[in-house]
Amino acid sequence: MRTSLVLLVAALALTACTRYGDDITDPGSDTGVEAPSDLRYELIPSGDAGTPDGILLRWTDPGDVRIESFVVYSRGSTSGNWSRRAQTTSSSFHDGGIPHLQYYVAALDDFGNESRPSNTITVDERNQLPAPTQIVSVSLDRAIQLSWPTNSRDAAPSLFGYYRVYSAPYDLDQDLCDDANWVLEGSTVSEDFLATGFANGAPRCFTVSAISTDGHESVWARPRSDTPRYDARNIVVYARESALPKSGFRFFDAASVAFGSVVAGDRSDIDFRVERRPDGSLWFNPIRAGVRIALYGNTTVDDLTAVDLAPVSGYAATSIEALPGFAYVFETLLGDGLHYGAVRVTHVSRDYVILDWSYQSDRGNPELKRQVISTGGF
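Those letters in the sequence shown? Residues 15 to 392, by my numbering.
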């Protein structure tokens, strides 16, 4: 407590000597006030490895009942003078903008007596991790699944914190990411991320950075472009000879704005119809003008997502046998140009096929699943 006018004047005088922004050549002497300890920092990532949004300082309050507040000091170089950065009553401080190189904290009592300094922290750029070296993407319905290797984590396991995932619109025709509109999709501690809520047929760029435990952000991985597309699983399409009203399929019906419709097989506007041959085998038969089909590879595929880019050749407007485990790509011509759809057959019976399908609504875009980028950094 203040017990005399003399002490009050002395306290005011001492406080005036440490105004905000004053240069402090050396930390103060021991006044008996207990000093804060365990000062530590965490940078606030911004998406730019060289310009964090700020720094968050935390320290341990010594519990001295005389302490009224804490004073934060910083300097831009190891040889510069210390400047009074801020005063706070909490045991943490957020310094916005590009941080200084070094910080320490001292405690103040109600007379303005300042404790010895805490430990000094130095913002160490050597803690920056490397960027992930490749990104794999899987096109999904209104979503993109992303994954990458563990090289960032493996480079310094004790320093690894988490990843940040970013996206931006992508111009497929120009092969350019919209660098003015990158947004943060989220963060993850694992080497995968499901980005959701996108419009199907709207191409996007994706990239990933690695964050150290003290907040240093790596440079970005080389961006990966991908486009969400429509899909569905376990759709039953009957053979024309078994159930004509359920033997046709249309990837996209512009009139009804419907995707993946099972319709009557006698319509002339469908993409394909399932037909049964005399030997009991079932075949996909393209119907509408401008629809062609190609077998995807020469072996079975484990899942619809194994179908990546639509083939550039091999299409024909002739029937092809539907076989379990095999995938097929359809090239369909609409009023705005070519679109691609894929089918994977999961089961074939005498009367019907069960299939999974996907459809890329972005004109001319062959992406039906994924591609791999094998180089890191911009």
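Ideal placement from N, C-alpha and C gives every residue a C-beta, glycine not left out.
Quiz item: How many angstroms separate the CA atom of A303 from the CA atom of F265?
Solution: 14 Å
Exercise. Give the range of the beta strand (DSSP E) segment to which D245 is assigned.
Key: 244-252
Exercise. May I have the straight-line CA-CA distance separating Y201 from Y177, to the nearest angstrom?
Key: According to the sequence shown, residue 201 is Ser rather than Tyr. Cα to Cα, S201 sits roughly 5 Å from Y177.
Exercise. Could you check if S372 is buried or exposed, using at least 16 other CB atoms within 10 Å of its CB as the buried criterion?
Key: buried
Exercise. Would you kindly work out how many angstroms separate the C-alpha atoms of K260 and A63, rounded to a whole number?
Key: The C-alpha of K260 lies about 56 Å from the C-alpha of A63.
Quiz item: Is there contact here, the stretch 86-93 with the stretch 102-117, by at least three beta-carbon pairs under 8 Å?
Solution: yes
Quiz item: Which same chain residues, not among the five before or five after L70, have their C-beta less than 6 Å away from its C-beta?
Solution: E56, H108
Quiz prompt | Cut-off 8 Å between Cβ atoms - residues of its own chain near S60, not counting five sequence neighbours on either side | solution = P66, D67, E231
Quiz item: At what residues does the alpha helix (DSSP H) containing S88 begin and finish?
Solution: Looking at the DSSP string, S88 is not in any alpha helix (DSSP H); the run it does join, the beta strand (DSSP E), is 81-89.
Quiz prompt | Cβ pair P50, A121 closer than 7 Å | solution = yes
Quiz prompt | Distance, D193 Cα to A27 Cα | solution = Residue confidence for A27 is low, a pLDDT of 34 falling below 50, so the modelled location carries little weight and cannot support an answer.
Practice problem: Flag this pair as yes or no: are the beta carbons of A253 and R291 separated by less than 7 Å? | Solution: no
Exercise. Out of V119, V150, L173, state which residue places its alpha-carbon closest to the alpha-carbon of E139.
Key: L173
Quiz item: Skipping 5 residues on each side, what residues in its chain have a beta carbon closer than 8 Å to that of V186?
Solution: The sequence given here places Leu at residue 186; Val does not occur at that position. Here the set comprises P217, S239, T241, D376, G378, N379.
Quiz item: How far does the alpha helix (DSSP H) with N165 in it reach, from first residue to last?
Solution: That run of the alpha helix (DSSP H) goes 165-169.
Quiz item: Would you call the CB atoms of L53 and N133 closer than 7 Å?
Solution: yes
Quiz item: What do you reckon, are the CB atoms on F447 and V276 nearer than 7 Å?
Solution: Only positions 15 to 392 of the chain appear in the structure, and residue 447 is not among them; the question remains open.
Quiz prompt | Nearest residue (CA-CA) to A169, options I158, Y180, Q159, A145 | solution = Cα-wise, what sits closest to A169 is A145.
Quiz item: What residues in its chain sit with their C-beta under 6 Å from that of Y118, if we drop five residues either side in the sequence?
Solution: Y87, P131, S132, T134
Quiz item: Nearest-angstrom Cα distance between G35 and G110?
Solution: Low per-residue confidence applies at G35: pLDDT is 45, beneath 50, and the placement is therefore not dependable, though the value from the model is reported in the following sentence. Going by the C-alpha atoms only, they are around 15 Å apart.
Quiz item: So, using beta-carbon positions, are S226 and W234 closer together than 7 Å?
Solution: No, they are not a contact pair.
Exercise. Buried or exposed for A336, please, with buried defined as at least 16 other CB atoms from any protein chain shown within 10 angstroms of its CB.
Key: Counting Cβ neighbours within 10 Å, A336 comes out buried, since at least 16 surround it.
Practice problem: Report all residues from its chain with a CB closer than 7 Å to the CB of E381; omit the five preceding and five following residues, and keep chain order. | Solution: Setting aside the 5 residues that flank it on each side, E381 is surrounded in the same chain by S153, D240, T241, L323, Q374, each with a C-beta closer than 7 Å to its C-beta; the list follows chain order.
Exercise. Could you please give the first and the last residue of the uninterrupted beta strand (DSSP E) stretch that includes F107?
Key: From DSSP, the beta strand (DSSP E) with F107 extends over 106-110.
Quiz item: If I368 and V250 are in contact, beta carbons under 8 Å, what's the gap, nearest whole angstrom?
Solution: 6 Å
Practice problem: May I have the straight-line CA-CA distance separating E255 from F298, to the nearest angstrom? | Solution: 13 Å
Self-check item: 7 Å Cβ shell around N195 - same chain, five flanking residues per side excluded
Solution: Around N195: A182, P183.
Practice problem: Go through its chain and collect everything with a Cβ distance to L352's Cβ below 8 Å, but skip five positions before and after it. | Solution: E345, T346, R377, G378
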